[in-house]
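Student:
There are 2 protein chains.
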Amino acid sequence: MNNFTFYSPTYFVFGKGTENTAGQCVKRFGGSKVLIHYGGGSVVRSGLLDRVKASLIKEDISFIELGGVKPNPRSGLVYQGIDLCKNEGVDFILAVGGGSTIDSAKAIAAGVKYDGDFWDFYEGKPIEAALPVGTILTIAAAGSEGSGDSVITKEEGMLKRGAGGEALRPVFSILNPELTQTLPAYQTAAGAADIMAHVFERYFTNTEEVEITDRLCEAVLLTMIKEVPRVIADPNNYEARANIMWAGMVAHNNLVGVGREQDWASHGIEHELSALYDVAHGAGLAVIFPAWMTYVYKHNINRFAQIATRVWGCQMNFENPEVTALEGIDRLKKFFTSIGMPISFKELGAKEEDIPAMVEKIGLGQGGTMGGFVKLNSKDVEQIYRLAL
Amino acid sequence: MNNFTFYSPTYFVFGKGTENTAGQCVKRFGGSKVLIHYGGGSVVRSGLLDRVKASLIKEDISFIELGGVKPNPRSGLVYQGIDLCKNEGVDFILAVGGGSTIDSAKAIAAGVKYDGDFWDFYEGKPIEAALPVGTILTIAAAGSEGSGDSVITKEEGMLKRGAGGEALRPVFSILNPELTQTLPAYQTAAGAADIMAHVFERYFTNTEEVEITDRLCEAVLLTMIKEVPRVIADPNNYEARANIMWAGMVAHNNLVGVGREQDWASHGIEHELSALYDVAHGAGLAVIFPAWMTYVYKHNINRFAQIATRVWGCQMNFENPEVTALEGIDRLKKFFTSIGMPISFKELGAKEEDIPAMVEKIGLGQGGTMGGFVKLNSKDVEQIYRLAL
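Here the protein sequences line up with chains C and W, keeping their order. Each residue of the first sequence is one higher than the one before, counting from 1 in the working numbering. Each residue of the second sequence is one higher than the one before, counting from 1001 in the working numbering.
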């Protein structure tokens, strides 16, 4: 096990009706002038925004609003948000929505405390300070409610980049599974694929002897395998929604990743897909991950056999573990298909002829590589895209 | 799944040599005058105390010391510590040791901020404020490094009682598995039993549909079953020590307990054993838990069959799940025996004739009960003690 630090200071409020505690939560963490940041119509139409406002009013907290966050959130709105907060003296940002809204709120929070261009952080500059961010989550997917990460797309060139740091961890996150019950099946499934992908990125490692982290990863995956088909069959299944929503947080606050080298190549490879075609990040991951696994599994057949037996319930083939390893990958593909996720470029609507441009945009150049488990160069990335056709 | 809040804001620093970051950690959390609180000779003899002091000196942090914490920590030393801190203007408490030292430090931290008798908190008064506490853990067991709980024994009547609250959560905890390598096998095994018991208290619940929490519980138990025999066989196995140490934190910061009713009868039943005979808490739990399980398993045979198959690898007997349930309990007993833990009064050195007095001291009286999974009255508790003979 490698040395590590783990810090997850977010206060989580979970369950039915918990959005009505938003005002108390903002107060607890010192907010007095709030920017409510959200996406589109559903937050308004469902009455959620009104309930949140009522909760703030009840605690005498003043607020302004900025809606309009899109999936794969854009830098343009972040600049708007930063100006708005600076002009209005906002001291707290409350994100009401999914990962895109939360990521956009985090970018604004960092930008308000910085005199330069917030995009600097997405080019690698460390984030030293940010306004406190609270969240009310409406989609189980990105895990941004418990992480210090944020991904923003710059309109100019549709450049999708991530930033992160302790200052970006939400001070509180309100998770009410009821709020996810109105999500279309496709979005629910894409969120589930995203959650599982966060575990895969941490599970495939060259660090040995991290049994506790392996087992925690497997706990999340086993939960997803049980619960996701239930919500696809019955969108109103509160219990299944609740298990998935909490699993989504656990999958990405890094508890299931500590003490080990992680991979993260597939996220980088996928980002070009969702940036180019504006598809759901989770759907892109459902396409990329099986291809990535097929390309790299020989690097550690036993690790792939382990996930196949422990998570997918495959019988171990002791004569030929490779058979088991491949069976696990096959089970993942069938699982994604069963919940309505694409597993190929064709199903996703991506095009073979765009592959060279996507490889180019990842920008590994001549000697560069990506990925901790297997170091991939541009040639490797191209082959993974082709395996996904 | 029940509504819940989860808050684990402790900053964890894990791995080899991490005690040398103590000074930086105290500084990060605002300490300037520190009470170093510890137990007996081993912290001094091993040179750990000197390394910690050197780390504080390096950051220009002043400190005083209070050693002498005993297992099942006593109120007398807590009173001493409170007076010392008040007289010397201490603003931060650094516990160097195991659960007893950390619990004693928490009691002092709460007492310093309170004008009355600190024992009030252990009689049920809510804790509203406490000095910040940091920890350097030397035994994987109590989970106090990541919890807001503290258990203290009042000398007068050897009354063992717990208190808890957010203010008692350590602001940082340093976990170096190397520090646990010199522990005798018996203490290592007792710590392991304590960790497993923290999971059992949360696993046996009447709340349905909490798959994610079940799976996280099982992840900790599976890790313990793999790693504990390895450290018993080879005390210097760093990797196994590391997995156990982190599992010990995960088992008790309540991540594996959220969203469900918990039990906690066995802890109460055990407390009388360790208070009366001054035995290791974990050893007492190894005696009580199999007896408790044998007494209550019929309340939910399927839940006991689930742990037997998922954790102990038993084959499910579909014709008669009770057989599987009982096999799981038997496997637990054999496991405890294999790591050198007692599973009976006899092995522990406890006496049958003391049972009535222990039952009396738990104080359930006429109509009182304890336990969330099965509500136990005094008669039930007595029978559980007798099952453990």
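Just so you know, even glycine gets a beta-carbon here, dropped at the ideal spot from N, CA and C. All of these numbers come straight from a predicted model, not from anything done at the bench.
1) Between the Cα of L1387 of chain W and the Cα atoms of W:A1350, W:G1328, W:G1030, which residue gives the shortest distance?
2) Please state whether the Cβ-Cβ distance between E1208 of chain W and A219 of chain C is less than 8 Å.
3) Thinking C-beta only, is I1174 of chain W closer than 8 Å to L1131 of chain W?
4) With a CB to CB cut of under 7 Å and the five nearest residues on each side skipped, what residues in its chain are close to A107 of chain C?
5) Between the alpha carbons of P290 of chain C and P1321 of chain W, how many angstroms are there, rounded?
6) For G1015 of chain W, would you say it is in contact with chain C, using Cβ-to-Cβ distances shorter than 8 Å as the test?
7) Inspect the beta-carbon positions of L35 of chain C and I82 of chain C and report whether they are closer than 8 Å.
8) Pick from C:C314, C:E272, C:F304: whose alpha carbon is nearest that of F345 of chain C?
9) Check V250 of chain C in the structure and name its three-state DSSP category.
10) Starting from the C-beta of L94 of chain C, find all residues in its chain whose C-beta is less than 6 Å away, skip the five residues before and the five after it, and write them out in chain order.
11) Starting from the Cα of G1098 of chain W, find the closest Cα among W:V1381, W:S1042, W:I1355 and give me that residue.
12) Could you please give me the residues that DSSP links to G1098 of chain W through a beta bridge?
13) Would you mind working out which of W:G1372, W:I1307, W:G1162 sits nearest S1144 of chain W, comparing C-alpha positions?
14) Using the beta-carbon of each residue, which ones in chain W are nearer than 8 Å to K226 of chain C?
15) Kindly indicate the opening and closing residues of the beta strand (DSSP E) around F1009 of chain W.
16) DSSP three-state label for V1069 of chain W, please.
17) With a threshold of 16 other CB atoms inside 10 Å of the CB of L198 of chain C, please say whether the residue is buried or exposed.
18) Throw me the rounded Cβ distance for the N1002 of chain W and G15 of chain C pair, which I believe falls under 8 Å.
19) If I follow the unbroken beta strand (DSSP E) through T1135 of chain W, where does it start and stop?
20) At least one CB of chain C closer than 8 Å to the CB of L1222 of chain W: is that the case?
21) Under DSSP, the alpha helix (DSSP H) around R1202 of chain W begins and ends at which residues?
22) Going by other Cβ atoms of all chains shown within 10 Å of its Cβ, with 16 needed for buried, is I57 of chain C buried or exposed?
23) In this structure, what does DSSP give as the bridge partners for H1267 of chain W?
24) Is it right to say S55 of chain C is buried, meaning 16 or more other beta carbons lie within 10 angstroms of its own, or is it exposed?
25) Which partner residues does A109 of chain C have in the DSSP bridge list?
26) Taking the CB atoms as reference points, tell me whether I288 of chain C and G248 of chain C lie closer together than 8 Å.
27) By how many angstroms is the C-alpha of L1221 of chain W removed from the C-alpha of G124 of chain C?
28) Interface residues of chain D around L1216 of chain W at Cβ under 7 Å?
29) Using a cut-off of 7 Å between C-beta atoms, extract the partners of S144 of chain C located in chain W.
30) Going by the CB atoms, is the gap between A265 of chain C and A190 of chain C shorter than 8 Å?
31) Starting from the beta carbon of V250 of chain C, find every residue of chain W whose beta carbon is closer than 8 Å, and list them in chain order.
32) Is there at least one Cβ from chain W nearer than 8 Å to S1 of chain C's Cβ?
33) For R45 of chain C, count neighbouring Cβ atoms within 10 angstroms of its own Cβ and tell me buried if that reaches 16, exposed if not.
34) So D103 of chain C and P73 of chain C are supposed to be a Cβ contact under 8 Å. How far apart are they, rounded?
35) Would you please verify whether the beta carbon of A193 of chain C is less than 8 Å from any beta carbon of chain W?
36) Shortest alpha-carbon distance to D1060 of chain W belongs to which of W:L1048, W:V1026, W:G1068, W:G1040?
Tutor: Result, derived from the coordinates:
1) For the purposes of this step, residue 1387 of chain W is taken as residue 387 along the second sequence, with counting starting at 1. Of W:A1350, W:G1328, W:G1030, the residue nearest in Cα terms is W:A1350.
2) One-based indexing of the second sequence puts residue 1208 of chain W at position 208. One-based indexing of the first sequence puts residue 219 of chain C at position 219. No, the pair does not count as a contact, with Cβ atoms beyond the cut-off.
3) Here residue 1131 of chain W corresponds to residue number 131 of the second sequence, with the count starting at 1. Here residue 1174 of chain W corresponds to residue number 174 of the second sequence, with the count starting at 1. Not a contact, by the Cβ cut-off of 8 Å.
4) As a first step, residue 107 of chain C is located in the first sequence; it is residue number 107 there, counting from the start. The residues are V78, F118, S150, I152.
5) Stepping through the first sequence from its first residue, residue 290 of chain C is reached at position 290. Stepping through the second sequence from its first residue, residue 1321 of chain W is reached at position 321. So the two alpha carbons sit approximately 38 Å from each other.
6) Numbered from 1 along the second sequence, position 15 holds the residue referred to as residue 1015 of chain W. It does: the Cβ of G1015 of chain W has a partner Cβ on chain C nearer than 8 Å.
7) In the first sequence, the residue the question calls residue 35 of chain C occupies position 35. In the first sequence, the residue the question calls residue 82 of chain C occupies position 82. Contact: no.
8) Along the first sequence, one-based indexing puts residue 345 of chain C at 345. Comparing Cα-Cα distances from F345 of chain C to each of C:C314, C:E272, C:F304, the minimum goes to C:E272.
9) If you number the first sequence from 1, residue 250 of chain C lands on position 250. DSSP places V250 of chain C in helix when its eight states are reduced to three.
10) Within the first sequence, the letter at position 94 stands for residue 94 of chain C. So the list reads V34, I36, G134, once near-sequence residues are dropped.
11) Against the second sequence, residue 1098 of chain W aligns to sequence position 98. If we check each option's Cα against that of G1098 of chain W, W:S1042 comes out closest.
12) Counting from 1 along the second sequence, the entry for residue 1098 of chain W is found at position 98. Bridge partners of G1098 of chain W according to DSSP: none are assigned.
13) Locating residue 1144 of chain W in the second sequence gives position 144, counting from the first residue. Closest by alpha carbon: W:G1162.
14) Taking the first residue of the first sequence as 1, we reach residue 226 of chain C at position 226. In chain order: E1211.
15) One-based indexing of the second sequence puts residue 1009 of chain W at position 9. The identity of residue 1009 of chain W in the sequence shown is Pro, whereas the question assumes Phe. In the DSSP annotation of this structure, the continuous segment of the beta strand (DSSP E) that includes P1009 of chain W starts and ends at 1004-1014.
16) Within the second sequence, the letter at position 69 stands for residue 1069 of chain W. V1069 of chain W: coil per DSSP, three-state reduction.
17) Looking up residue 198 of chain C in the first sequence gives position 198. One point to set straight first is that residue 198 of chain C is His, not Leu, in the sequence displayed. It is buried - the Cβ of H198 of chain C has at least 16 other Cβ atoms within 10 Å.
18) Taking the second sequence and counting its residues from 1, one reaches residue 1002 of chain W at position 2. Taking the first sequence and counting its residues from 1, one reaches residue 15 of chain C at position 15. At roughly 7 Å, the Cβ-Cβ gap stays under 8 Å, so N1002 of chain W and G15 of chain C are in contact.
19) As a working note, residue 1135 of chain W is residue 135 in the second sequence. Residues 1133-1137.
20) The residue you call residue 1222 of chain W lines up with position 222 of the second sequence. Yes, contact with chain C.
21) Here residue 1202 of chain W is taken as the residue at index 202 of the second sequence, counted from 1. Segment 1185-1203, the alpha helix (DSSP H) holding R1202 of chain W.
22) Residue mapping note: residue 57 of chain C aligns to position 57 of the first sequence, counting from 1. Per the 10 Å Cβ criterion, exposed.
23) On the second sequence, residue 1267 of chain W is found 267 positions in, with the first residue counted as 1. DSSP lists no partner for H1267 of chain W.
24) Mapped onto the first sequence, residue 55 of chain C falls at position 55. With 16 or more other Cβ atoms within 10 Å, it is buried.
25) Locating residue 109 of chain C in the first sequence gives position 109, where the first residue counts as 1. According to DSSP, A109 of chain C bridges with nothing at all.
26) Position 288 of the first sequence holds residue 288 of chain C. Position 248 of the first sequence holds residue 248 of chain C. No, the Cβ-Cβ distance between I288 of chain C and G248 of chain C is not below 8 Å.
27) Position 124 of the first sequence, counted from the first residue, corresponds to residue 124 of chain C. Position 221 of the second sequence, counted from the first residue, corresponds to residue 1221 of chain W. Using only the alpha carbons, I get a separation of about 40 Å.
28) Looking at the structure shown, chain D is missing, and the protein chains on hand are C and W.
29) Walking along the first sequence from the start, residue 144 of chain C turns up at place 144. None at all; the shortest Cβ gap to chain W is about 17 Å.
30) Translated into positions along the first sequence, residue 190 of chain C becomes position 190. Translated into positions along the first sequence, residue 265 of chain C becomes position 265. No, the Cβ-Cβ distance between A190 of chain C and A265 of chain C is not below 8 Å.
31) Numbered from its first residue, the first sequence carries residue 250 of chain C at position 250. Per Cβ cutoff of 8 Å: I1212, L1216, L1255.
32) Here residue 1 of chain C is taken as the residue at index 1 of the first sequence, counted from 1. Before going further, note that residue 1 of chain C is Met rather than Ser in the sequence given. So yes, M1 of chain C belongs to the interface.
33) For the purposes of this step, residue 45 of chain C is taken as residue 45 along the first sequence, with counting starting at 1. So R45 of chain C counts as exposed.
34) The sequence position of residue 103 of chain C within the first sequence is 103, counting from 1. The sequence position of residue 73 of chain C within the first sequence is 73, counting from 1. Right, their Cβ atoms sit about 6 Å apart.
35) For the purposes of this step, residue 193 of chain C is taken as the residue at position 193 of the first sequence. For A193 of chain C, the answer is no, since every Cβ of chain W falls outside 8 Å of its Cβ.
36) As a working mapping, residue 1060 of chain W is identified with position 60 in the second sequence. Per the Cα distances, W:V1026.
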